[in-house]
Structures are given as structure tokens and as C-alpha cells.
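Residue numbers (the working numbering): 169 to 318. Even for Gly, the Cβ is constructed at its ideal location relative to N, Cα and C. Computed from a prediction, not measured in an experiment: that's the story for all the values here.
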């Protein structure tokens, strides 16, 4: 399968990329390398991933519609999209909510529209456990209340 994986330089994204490649998939890895936390961690993960054949990295922001459309044309067609790109840090989202909307909402919408347009039927979107708040039992269930996030 040809898979678009966003957030590839993140903790979870880098591991997902490695597993996908190990299982024989071709991965187009995308990350905007924002400075939300120390870039040395992202660089370290990317250096390890670049050694894998079957993974191609592109520094692109999914919130930038023109850039993601250009990458989609260059690297597609895709069989699936795994969207792990997100601004992390719930507390910081209260300070500057607009940057979170750009990545987490606009970026996801850009990807969903490309999938809809080109008939990509497999789309995985990661969320945050903070959505479940402090009072839901662990492990979380998709049916748990999400009306009081952290």
C-alpha cells in the first residue's frame, strides 16, 4: 500500500512509519517540524527513519492547502492516510487556539477533502486522551463522555 503518514517526526508517528515500512508498505511521511517542542528530538527520529527504504520524508504543513495538494499530486496516488499531525499541549491551546485550529481542524479537512476527491477510503485520525477528561475509567472507550475534556 502507498500510505500518506502525517506527523511522521513525532513520537507516535515515527514508530508507526517504521512499522508500516517493516510490513512492506510505501510511506510518504509528512511533518511541518514546528517548534512546539525541541526539534532535536524530531531530527533524531527523522535521521533514523531516513535509513529505511520505503519511506520518503517531506517537510510540509497539512494546513497549507496548496502545499499538501502539490505533495498529493507528486507522491500519490494513496491507498490510505494516517493523520497523526496535530498541535499538542492542551494548556497551550487555550493561550493560542488559532494555531491549533489551523493544524488540527484545517489540516485534517484538507486531507479529508483530498481523500473524498480521489476516492481514498482509508483514513485514520488520532485524537488526544485529554478529550476523555479526568473522570472516565481507563482504558477509555469510544462511548465515554467527552463533554468535559481536560
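May I ask which residues mark the beginning and end of the alpha helix (DSSP H) holding residue i?
| i | result |
| --- | --- |
| residue 237 | 233-243 |
| residue 252 | Looking at the DSSP string, residue 252 is not in any alpha helix (DSSP H), and its letter there is neither H nor E. |
| residue 280 | 276-286 |
| residue 300 | It is not in any alpha helix (DSSP H) - residue 300 carries neither H nor E in the DSSP assignment. |
| residue 258 | 258-263 |
Within this structure, are the beta carbons of residue i and residue j separated by less than 7 Å?
| i | j | result |
| --- | --- | --- |
| residue 285 | residue 271 | no |
| residue 258 | residue 318 | yes |
| residue 314 | residue 252 | no |
| residue 171 | residue 187 | no |
| residue 201 | residue 227 | yes |
| residue 231 | residue 274 | yes |
| residue 292 | residue 250 | yes |
| residue 240 | residue 282 | yes |
| residue 233 | residue 278 | yes |
| residue 214 | residue 177 | yes |
Can you pull the DSSP bridge partners for residue i?
| i | result |
| --- | --- |
| residue 291 | 249 |
Could you spell out where the beta strand (DSSP E) holding residue i opens and where it closes?
| i | result |
| --- | --- |
| residue 170 | 170-174 |
| said: For the stretch 187-198 against the stretch 215-230, do three or more pairs of beta-carbon atoms, one drawn from each stretch, fall closer than 8 Å, so that the two count as touching? | reply: yes
| query | Fully enclosed by the stretch 182-237, which beta strand (DSSP E) runs are 3 residues long or longer? | reply | 194-199 and 223-227
| said: Quick check: the stretch 237-248 against the stretch 260-267, are at least 3 beta-carbon pairs closer than 8 Å? | reply: no
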